[in-house]
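Colleague:
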Amino acid sequence: MSTFVALPRPGSVSAPIFDGTNLTSFLAIFSHLGMLAGLALDDLPPMILAYCTPDVRNVLRYSPELVCGAKSWDDAVSEMRLFYTSSDEFRSFSLDDLRNFCQRVCTSAPFSPFHDAQAYLRRFTEISGSLCERGLLAVAQVQVYFVVGLPLTTRWDVEVRLPEANRGTTTPPSIPHVMTILRDVLQCDSFENFVSSHFLSETTPSTPLQDAPDSALCPSTHSSPSKPRSLRCFVCGQTGKHCLSPKFCPRTADLVREQLARFETNSRLVAYDGSSLPMTRNPGGVAAHLLSLPRRRHCPSTYHADPPAYPSPDLSFSHNSPHRLPPFSAPSSCHVPVILTAAPLPIPSDDVVQSQHIDVSARCGTDQNPPQSSPASHPPRGSSPVPRVPLFASFPKLPALNELVTFSLGKLLMLSPSFREEFIKRIRRMGPVELRIDQKPDPPVACRSALPPSPIPSRPGLIRISSYYVLSTFLTILLLILWTLIDHLFLPAKVQATYNYLPSLLSHFSRSLLTPDLF
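According to the numbering used here, the sequence shown is numbered sequentially starting from 1.
Right, here's the structure in full:
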């Protein structure tokens, strides 16, 4: 006795529906349901439109092979394939698609949870399956592509656990074998995570294992369970994305490249200046906190010494050394200037001023042992920049030459004996000008490096102009005027000549008197 199952109601959960894709699957399922209902295939064409979406129904409703009264299943299938054949075909891939996919995954971040490896397996099988079906790839080639497409760090973990015979492309491991290794590596309680979280942490226990008592090796049943260790990476702030260690975090390379952090010889990640990394509540970890600061790149200060980004020359690092630091290259925009300081310029005393020549070797000489600059002598931020000099330059700074210095005329005469003598000669030629230089000079304008006031030595024979010369000059002028008037009154024939001679004489005398060529 046979039992028939009626066709499911159209639109119900168990009813098939055709939306224009996967035509072959729809026809196979619909014909099977018709057979379970005890219907022949030629009785099914009028029922197909009820199991189609409205868009498909609006297209096929005008086909005579699917209307009510149609009696041919083959004609109905041919009519439907005429409209929806292309969407029924599966997507085909090429070798370039497989190579590009493997290259993109190989350069990405390593797998952290196991479902990342499962997602990679599903996509890889979708691409490589079509190539194997068409005979473009062999099974051994598919296995090679699967191992090569793994991320770099994940592939190293897999290759270490593979047998020696399966570590080459000649006899590659099978895909199920690789997935088994990935499950052991990426599981939460794996040995790799234990090593990275306990042995590669920043602090290590100081007590050796053999010194621990036997009771410490076996946990007590009465002791309270310890708090589970957090799997959150303090560098990037993510949980379960990579092995728990700064050297496995991809954001560590960004901090080192931006000169915000560096590794010490004990593989401890610290700030670029050697201090500990800050504790932050930023969801992006300490990397997001440091990269968000205004001053991102560490530029060496002009006045303070910073720790070197590369080992000092007196330390030797070889390839066999257990602590070999990678070279850190300073950016081209941040040069370390060499600030050389010299002793301040000496202020000349009165004895030095009164000497015939002034020794300037102390001003222009180079101090062989310049004093080291102290932090207290550094100029404040925002002041005028200190001129930068080439490396190993030995000439000193002369800050006094850049300052404004004001000297009175008396001090200028005091500094240079030759200038003083020339000035006296010019004064003597001027004649009737009364100039008193020995009087107390006006106070000079205040300046930063003015010389101390020193009285000019009194030299009455050279500087002071006697009133005798003034009186004799005045009498000479008066006699010339009287002689001219007498000549004009008693010699009328020479009036014109005298009239022209007198202005010329007076203009020449006044020009030599008022505008002497002193310098």
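We put the beta carbon where it would ideally sit given N, CA and C, even for glycine.
By how many angstroms is the C-alpha of Ile424 removed from the C-alpha of Leu478?
Modeller: Answer to the nearest angstrom: the Cα atoms are 26 Å apart.
Colleague: Using the Cβ count rule (16 or more neighbours within 10 Å means buried), how would you classify Ile17?
Modeller: Per the 10 Å Cβ criterion, exposed.
Colleague: Measuring CA to CA, which of Thr169, Glu133, Gly135, Thr154 is closest to Tyr145?
Modeller: Comparing Cα-Cα distances from Tyr145 to each of Thr169, Glu133, Gly135, Thr154, the minimum goes to Thr169.
Colleague: Quick one: residues in its chain with C-beta nearer than 8 Å to the C-beta of Phe4, no 5 flanking neighbours on either side, listed in chain order?
Modeller: Excluding residues within five positions, the ones whose Cβ falls inside 8 Å are Leu36, Ala37, Gly38.
Colleague: Is it right to say Gly274 is buried, meaning 16 or more other beta carbons lie within 10 angstroms of its own, or is it exposed?
Modeller: It counts as exposed.
Colleague: For Ala271, list the residues DSSP reports as bridge partners.
Modeller: Answer by DSSP bridge pairing, in chain order: Ala261.
Colleague: Which value, in whole angstroms, describes the spacing of the CA atoms of Tyr272 and Glu264?
Modeller: If I take the Cα positions, the gap works out to 10 Å.
Colleague: Drop a sphere of 10 angstroms on the beta-carbon of Arg104, count the other beta-carbons inside from all chains shown, and report buried for 16 or more, exposed for fewer.
Modeller: Counting Cβ neighbours within 10 Å, Arg104 comes out exposed, since fewer than 16 surround it.
Colleague: Which residues does DSSP list as the beta-bridge partners of Thr473?
Modeller: DSSP, once it has assigned bridges, lists no residue as partnering Thr473.
Colleague: For Tyr84, report the span of its alpha helix (DSSP H) as first-last.
Modeller: Taken as a continuous stretch (DSSP letters only), the alpha helix (DSSP H) holding Tyr84 covers 73-84.
Colleague: CB Leu60 to CB Pro45, shorter than 7 Å?
Modeller: Cβ atoms of Leu60 and Pro45: not closer than 7 Å.
Colleague: Smallest Cα separation from Arg81: which of Ser94, Thr24, Gln118, Tyr62?
Modeller: It is Thr24 whose Cα lies nearest to the Cα of Arg81.
Colleague: Since Arg251 contacts Gly285 with CB under 8 Å, what's their CB separation in whole angstroms?
Modeller: With a Cβ gap of about 7 Å, Arg251 and Gly285 count as contacting.
Colleague: So, under 8 Å CB-CB, Arg183 and Phe114 are touching, yes? Tell me the CB distance rounded to an integer number of Å.
Modeller: Their Cβ separation, rounded to whole angstroms, is 6 Å, which keeps Arg183 and Phe114 in contact under 8 Å.
Colleague: Answer with buried or exposed for Cys243, where buried requires no fewer than 16 other C-beta atoms within 10 angstroms of its C-beta.
Modeller: With 16 or more Cβ atoms within 10 Å of its Cβ, Cys243 is classed as buried.
Colleague: Are the Cβ atoms of Ala287 and Cys236 separated by less than 7 Å?
Modeller: Yes, the Cβ-Cβ distance between Ala287 and Cys236 is below 7 Å.
Colleague: By the three-class DSSP mapping on this structure, what secondary structure does Cys102 have?
Modeller: Residue state, collapsed to three classes: helix.
Colleague: Does the region 137-156 come close enough to the region 115-129 to have 3 or more Cβ pairs within less than 8 Å?
Modeller: Result yes; three or more Cβ-Cβ pairs closer than 8 Å.
Colleague: Hey, how far is the Cα of Ser112 from the Cα of Pro172?
Modeller: Cα to Cα, the separation comes out at about 24 Å.
Colleague: Based on DSSP bridge pairs, tell me the residues matched to Arg232.
Modeller: Bridge partners of Arg232: Thr239.
Colleague: Using a Cβ-Cβ cut-off of 7 Å (strictly less than) and excluding sequence neighbours within five positions of Asp75, which residues of its own chain qualify?
Modeller: Only Glu65 meet the Cβ criterion.
Colleague: How many angstroms separate the CA atom of Pro521 from the CA atom of Pro54?
Modeller: This structure cannot speak to residue 521, because the chain is shown only from 1 to 519.
Colleague: Taking the alpha-carbon positions, what's the Arg91 to Val160 distance?
Modeller: Straight-line Cα distance between these residues: approximately 36 Å.
Colleague: How close, in whole Å, do the beta carbons of Gly149 and Phe101 come, if the pair is a contact with beta carbons under 8 Å?
Modeller: Indeed they touch by this definition, with Cβ atoms about 7 Å apart.
Colleague: Among Leu255, Thr280, Tyr51, which residue has its Cα nearest to the Cα of Val270?
Modeller: The candidate whose alpha carbon is nearest that of Val270 is Leu255.
Colleague: Per DSSP, which one or two residues make a beta bridge with Cys52?
Modeller: Paired residues: Phe18.
Colleague: Which of helix, strand or coil does DSSP assign to Pro64?
Modeller: Residue state, collapsed to three classes: coil.
Colleague: What would DSSP say about Gly168, mapped onto helix, strand or coil?
Modeller: In this structure, Gly168 counts as coil in the three-state DSSP scheme.
Colleague: Alpha carbon to alpha carbon, what distance is there between Asn22 and Arg122?
Modeller: Cα to Cα, the separation comes out at about 21 Å.
Colleague: Given that a residue counts as buried once 16 or more other Cβ atoms are within 10 Å of its Cβ, and exposed if not, what is Pro110?
Modeller: Pro110 comes out buried.
Colleague: At the 7 Å Cβ level, is Ala6 part of the contact set with chain B, yes or no?
Modeller: The structure shown contains no chain B; it holds only a single protein chain.
Colleague: Check whether the Cβ atoms of Val147 and Ile181 sit closer than 7 Å, and answer yes or no.
Modeller: Contact: no.
Colleague: Hey, could you find the ends of the alpha helix (DSSP H) Asp43 is sitting in?
Modeller: Where Asp43 is concerned, there is no enclosing alpha helix (DSSP H), given that its DSSP letter is neither H nor E.
Colleague: Just reading off the alpha helix (DSSP H) that Met35 is part of, what are its end residues?
Modeller: From DSSP, the alpha helix (DSSP H) with Met35 extends over 23-36.
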